[in-house]
Amino acid sequence: MASITVLNGPNLNLLGEREPQIYGHQTLDDVEAMCRDHAASLDMEIDFRQSNHEGVLIDWVQEARRLADGLICNFGALSHTSIGLHDALLAVDVPIIEVHLSNIHSRETFRHHSYTASVSKGVIMGLGPDGYRLALTALAELVDG
Ligand code: DQA
Numbered sequence: 014m015a016s017i018t019v020l021n022g023p024n025l026n027l028l029g030e031r032e033p034q035i036y037g038h039q040t041l042d043d044v045e046a047m048c049r050d051h052a053a054s055l056d057m058e059i060d061f062r063q064s065n066h067e068g069v070l071i072d073w074v075q076e077a078r079r080l081a082d083g084l085i086c087n088f089g090a091l092s093h094t095s096i097g098l099h100d101a102l103l104a105v106d107v108p109i110i111e112v113h114l115s116n117i118h119s120r121e122t123f124r125h126h127s128y129t130a131s132v133s134k135g136v137i138m139g140l141g142p143d144g145y146r147l148a149l150t151a152l153a154e155l156v157d158g
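Residues in the sequence shown are numbered consecutively from 14, following this note's numbering.
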């Protein structure tokens, strides 16, 4: 059974409370439950995590090199700043899909660049939590192929 690691970065633990007009009302627990159901329907298992700390996220990316068949990443604000996460992803051989709940290109200019998107296979943004579901569907095909 394929195993997908889903990594969430800073402030995503506040999903549902923080700026609901941008990020919606679903909590991260809701997103995890939806991902778990969808992964099961695709015959995949997921390891779903969140941290506010860059170094912890880098450790988890390195762990995923050994354990995961695919990676879904929403590193939040660290997407726009972290060369460390960029470099960690470069060492990963399995397909990586970056997800953003919001469309980062329709927001402030400092969000328009993502260091981590440039080393991901694909990016899904602006579709809210559905982006995670679509990323899992894409990975089911990529991992299979
Ligand atoms: C985000 C977009 C980032 O710019 C922001 O810092 C976040 C969430 C998103 O999912 O839309 O924390 O990654």
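No residue lacks a Cβ here, since even glycine has one placed at the ideal position from N, Cα and C.
All of these numbers come straight from a predicted model, not from anything done at the bench.
Coarse secondary structure for residue i, derived from DSSP in three states
| i | result |
| --- | --- |
| H51 | helix |
| D60 | strand |
| L84 | strand |
| T18 | strand |
| G139 | coil |
| P23 | coil |
| T150 | helix |
| S131 | helix |
| G37 | coil |
| G144 | helix |
| L155 | helix |
| E30 | coil |
CA-to-CA distance, residue j to residue i, given in whole angstroms
| i | j | result |
| --- | --- | --- |
| E154 | A15 | 11 Å |
| P142 | D60 | 17 Å |
| L140 | L28 | 15 Å |
| P108 | E76 | 15 Å |
| H118 | L91 | 16 Å |
| S131 | E67 | 18 Å |
| R49 | E58 | 7 Å |
| R62 | E121 | 27 Å |
| S95 | D56 | 33 Å |
Beta carbon of residue i nearer than 8 Å to that of residue j
| i | j | result |
| --- | --- | --- |
| V69 | Y145 | no |
| V74 | L20 | yes |
| L84 | T129 | no |
| A52 | R78 | no |
| N24 | N65 | yes |
| L152 | I110 | yes |
| V112 | I137 | yes |
| G97 | G22 | no |
| S133 | L114 | no |
| H93 | S127 | yes |
Heavy atom of the ligand ZN within 7 Å of residue i beta-carbon
| i | result |
| --- | --- |
| I117 | Although the ligand ZN was asked about, the structure shown includes only the ligand DQA as ligands. |
Where in the region 66 to 124 do unbroken runs of the beta strand (DSSP E), each at least 3 residues long, occur, reported from the N-terminal end onward? 83 to 87 and 109 to 113
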